[in-house]
């Protein structure tokens, strides 16, 4: 059985992979500053026989690694993320993602050589997933141009082969009033703080109109500088999410109307701008999902179907361009990403086991894909069908 062979290959690399995962966890480098993390991953890939291109797509911590076995085989890419969150560190488990993907790449290449099968194995190092949109830049610069399928797994509470990841837009909204002494001459001021507070309350008032996948959330990033000065400039940072790009556009219109109403009601001016790249929703390829459901079980993991969404990812953008797979691998019931508890789990025995299983699952899926022309055709037809529907 392919999965058993892959398990044995991954087992020979597991100690080195976990050493790297643990080191990346300790580094907790932020988006686009993952210098040491990228170095650990790329040097290990070179030791595994990969040719590595660094500083890809104008990003100093992006890389694309290649290992070609035989001639004219399909191209399978595993996508690695390795940036941490401010303050929380690796509370999204990217240290596990990175080592699952490089481990899967090395394991698949080894399996192909053992079986004299042709295939082009890639590991694409994608920095800045936490708001930076590294994969979008990689897409734009052609890093995925010749990839047949792209795959990755993300740590979560439970195993899921088709989790919902939402489309997302991020905007900054600024309000501009007139400064004045708050005690001596408040009537001469126009209070931008009133505008941003009213705007935030209006966003909350929209919630009864939300559909199940709709999300609008954010923070006030600037509320003034001194309590005895009427604030002339305030700002808020807002994320808008929903099931697809069209619905996000609708919600953005609501947000714009709220900002305009708050500005008009307080006598202020306002402007808004995007502060992060647009993240599209993840489009699941049913052929890859069905394969994953089987392979997860071969690794003694029983995937579940969850009702709630799991945030957003720039892997969604990739899934609209080529056949892709983005699923969740569980670290433990009750865990929630972007928390201190999840950060600890990503460096625990549960994280280590998820890394080992995840590398094996991804490599097994890659081996099945390379070995099965019917599966290759089904994956392509499924993707083409989704594209035509849109």
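In our numbering, the protein residues as written are 10 to 399. Just so it is clear, CB atoms sit at the ideal spot from N, CA and C, and this is done for glycine as well. Source: prediction; values computed, not measured.
Item                                                                                                                 : Value
Distance between residue 168 and residue 341 (C-alpha atoms, nearest Å)                                              : 9 Å
For residue 252 and residue 315, the rounded distance between their alpha carbons                                    : 15 Å
Closest by C-alpha distance to residue 99, when choosing among 36, 383, 187 and 257                                  : 36
Length-filtered (3 minimum) beta strand (DSSP E) runs lying within the stretch 69–117                                : 72–78 and 84–89
Closest by C-alpha distance to residue 304, when choosing among 336, 354, 254 and 356                                : 336
Distance between residue 85 and residue 378 (C-alpha atoms, nearest Å)                                               : 9 Å
Contact under 9 Å by Cβ, residue 101 with residue 262                                                                : no
Inter-residue spacing [alpha-carbon to alpha-carbon] between residue 20 and residue 365                              : 8 Å
Other residues of its chain near residue 145: CB distance less than 7 Å, five sequence neighbours each side excluded : 286, 323 and 326
Residue 188 versus residue 209: straight-line alpha-carbon distance, rounded                                         : 21 Å
Exposed unless 16 or more other CB atoms sit within 10 angstroms - verdict on residue 193                            : exposed
Backbone CA spacing between residue 242 and residue 269 [nearest angstrom]                                           : 15 Å
Presumed contact (8 Å Cβ cut-off) between residue 182 and residue 120, rounded CB distance                           : 51 Å between Cβ atoms; not a contact.
Sequence ranges, beta strand (DSSP E) only - wholly within the stretch 143–180, length at least 3                    : 158–165
Residue(s) in a DSSP beta bridge with residue 281                                                                    : 182
Three-way DSSP call (helix, strand, coil) for residue 345 in this model                                              : coil
Residue closest to residue 127, alpha-carbon to alpha-carbon, out of 150, 82, 115 and 109                            : 82
Check whether residue 61 and residue 331 have beta carbons under 9 Å apart                                           : no
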